[in-house]
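2 protein chains.
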Amino acid sequence: MAYRETEKTKAKKAEIRERILLAAHSLVVKGGFREASVSAIAKQAGVATGSVYSHFPSKSDLFSEVFRSATEREVNKVAEAVHQDGSVTKRLVAAVYCFSKRALKSPRLAWALIAEPVDPQVDADRLLYRHAYAELFEALLEEGIHSGELPLQSKSVSAAALVGIMAETLVGPLSPPSRRELHDNATPSILDEDKLIDSIARFCVQAVTGKEHRL
Amino acid sequence: MAYRETEKTKAKKAEIRERILLAAHSLVVKGGFREASVSAIAKQAGVATGSVYSHFPSKSDLFSEVFRSATEREVNKVAEAVHQDGSVTKRLVAAVYCFSKRALKSPRLAWALIAEPVDPQVDADRLLYRHAYAELFEALLEEGIHSGELPLQSKSVSAAALVGIMAETLVGPLSPPSRRELHDNATPSILDEDKLIDSIARFCVQAVTGKEHRL
DNA sequence: AAATAAGATGAATCATGATTCACTACTTAA
DNA sequence: TTAAGTAGTGAATCATGATTCATCTTATTT
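Chains as they are written, first to last, in my numbering: chain A, 10 to 224; chain B, 10 to 224.
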């Protein structure tokens, strides 16, 4: 016997693995999963194409890990907003704000996470991701209905609908800073942005409370 | 000179073209654009693979035509519902019903039209498709706001939100008869279906009117 | 029937991008 | 220093599915 894995080599290996994950993440933030080819990732990470495969069994697995970690961060942020103190309405508004601010700050990433087609494995992960949001909302609605703050309604439908609203108004094809990637005034001013989010929040609150809502 | 196109051959050519479109459509209804490869389409239409290319310059163009015609039919149906007589609320409910019934009847098609990733050309068509719905809703909202039936709100946001609600609750990953394709009780009973649509409609109406709504 | 223009065929080609692998370069333990 | 194992390299291979094209068929006119 003449060689065994040691702390030093293990650390180095882990560091490279991390570097690959970082590179993949940054490419996804820039151009979605589409533009994150294995060779591009390897190049950005400063390793050879083949090396990616000594750290991840396949591109799908790598993507899956990138997706999950990005996703976890996002859901946790929204969960924080939902689990504050205060009325259900107030917390719903906070959740919408939280999601929206983040989505508008990194539109490509938001799109990659919520809508971009990737491959069956990541698509399955996305199912869980959207479900995670829906479940946050469902619990919130349950609480509101139970306390009488909200009228009786189908929690599962309302929760899915809330996810759909945010996806479509902020991330999807109809979102304002949508597919006009190239030319023009990309980022809307902070004021416009707040107005947009206000409108969305108002819509959501009215939908679940059945009462006119101003801000 | 010894040959020129005649009525008979022209008709035959048109018929084959039609047959290819039909075949493509039926494959999309069955398995989405994903499963509609050129060779599968040709086989189903009873022609050779290469023949597809004497009727369409590329697969994208074929898909685009399939997409547009399917899409036009759907939007027209919803437009009918929107342009009925009656209150804005009633017409909104009718539109939601119309869209929902059709989406639940052909879930694969609905998914292909509203959400399935295809290629840049079709994705651009889809943009128009979603916009078409949004515009129907926007006009309806305008009318409601103008007449005082609806409170002031951002029409564009509300319209996009309505599209998002229907996409997510009926077609998207959180939709009830979702990705569980293989095993089980696919189609929900008519009663469950109506309950689902009622919930969606109620949600939509409350969102735009700000008033509790029962059915 | 013969000549000629289209149309149809489907196997071969191309394009893309993931995955492999023969080889080189390190690391470690003796 | 050397033997032995491990990691890194990137060009070659593979897989998939759209597209082409040499060849064969069919239709039309004379």
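Here a beta-carbon is modelled for each residue, glycine too, at the ideal position from N, C-alpha and C.
If you check each beta-carbon in the stretch 164 to 180 of chain A against every beta-carbon of chain B, the ones closer than 7 Å belong to Val166, Ser167, Ala169, Ala170, Val172, Gly173, Ile174, Ala176, Glu177 and Thr178. Against chain B, the CB of A/Ala216 has a partner CB under 8 Å away; the residue lies at that interface. By the Cβ test, the stretch 61 to 72 of chain A is not in contact with the stretch 93 to 106 of chain A, since fewer than three Cβ pairs between them sit closer than 8 Å.
The C-beta of A/Lys68 comes no closer than 8 Å to any C-beta of chain B. Taking all protein chains in view, the Cβ of A/Gly157 is surrounded by fewer than 16 other Cβ atoms within 10 Å, so the residue is classified as exposed. Along the stretch 121 to 205 of chain B, the alpha helix (DSSP H) occurs as fully enclosed runs of 4 or more residues at 129 to 156 and 164 to 175, listed in sequence order. For B/Lys220, the C-beta contacts it makes with chain A under 7 Å involve Gly219, in order along the chain. Taken residue by residue, none of the stretch 38 to 59 of chain B has a beta-carbon sitting less than 7 Å from a beta-carbon on chain A. Here B/Lys220 is bridged, per DSSP, to A/Lys220.
Arg139, His140, Ala143, Pro160 and Gln162: these are the residues of the stretch 139 to 162 of chain A whose beta carbon lies less than 8 Å from some beta carbon of chain B, given in chain order. Here the alpha carbon of B/Tyr138 sits roughly 43 Å from the alpha carbon of A/Gly55. Selection A/Thr18, A/Arg13, A/Phe76 and A/Glu16 evaluated against A/Leu31 yields A/Phe76 as nearest (Cα-Cα). Of all alpha-carbon atoms in B/Leu101, B/Ala33 and B/Arg100, the one lying nearest the alpha-carbon of B/Lys68 is that of B/Ala33. B/Leu150 is positioned such that its CB atom lies closer than 8 Å to that of B/Ala168.
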